[in-house]
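Trainee:
Numbering (our numbering), first residue to last: 49 to 139.
(1) DSSP on residue 103, reduced to helix/strand/coil?
(2) Under 8 Å, do residue 35 and residue 133 count as touching if we go by C-beta distance?
(3) Let's see if you can read the secondary structure: which residues bound the alpha helix (DSSP H) around residue 127?
(4) For residue 89, does the three-state DSSP call read helix, strand or coil?
(5) Evaluate residue 55 with the Cβ neighbour count: other Cβ atoms within 10 Å of its Cβ, from every protein chain shown; 16 or more gives buried, anything less gives exposed.
(6) Measure the C-alpha to C-alpha separation of residue 103 and residue 63 and round it to an integer number of angstroms.
(7) I'd like to confirm something about residue 95: is its beta-carbon nearer than 7 Å to some heavy atom of the ligand ZN, or not?
Below is the structure:
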């Protein structure tokens with residue numbers, strides 16, 4: 049499913065104009081991006097949690113040359129589904 053598919057679903061199911069549906073979807077995603085950029089956790093009841101985790105720098109190896117390199121620290125986004133979502137996926 050793409051962002052356009054979500055907009056189309058809002059348009060069809062809730063009778064929003066496509067322009068309004070697009071604005072709503074964009075606004076929700078912007079709010080989520082801003083919260084994650086601040087390091088906040090997003091918890092959507094019945095769906096799951098989006099969490100930003102801090103990864104420390106570590107040693108790695110270039111697979112082509114075998115040369116040892118340092119992988120820099122970074123932030124990664126993780127998603128953990130709720131039990132409700134897992135049950136609906138697994139019947």
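Glycine included, every Cβ here is placed at the ideal spot set by N, Cα and C.
Mentor: According to the structure data:
(1) Here residue 103 is taken as the residue at index 55 of the chain shown, counted from 1. Correct three-state label for residue 103: strand.
(2) Beyond the ends of the chain as shown, which are 49 and 139, falls residue 35; an answer cannot be given.
(3) By one-based count along the chain shown, residue 127 stands at place 79. From DSSP, residue 127 is part of no alpha helix (DSSP H) but of the beta strand (DSSP E) over 122–129.
(4) Position 41 of the chain shown, counted from the start, is the residue given in the question as residue 89. Of the three classes helix, strand and coil, the one that applies to residue 89 here is coil, per DSSP.
(5) Locating residue 55 in the chain shown gives position 7, where the first residue counts as 1. Residue 55 sits buried, since 16 or more C-beta atoms from the chains shown fall within 10 Å of its C-beta.
(6) Here the question's residue 103 lines up with position 55 in the chain shown. Here the question's residue 63 lines up with position 15 in the chain shown. Roughly 43 Å between the two C-alpha positions.
(7) Ligands are entirely absent from the displayed structure, and the ligand ZN is therefore not among its contents.
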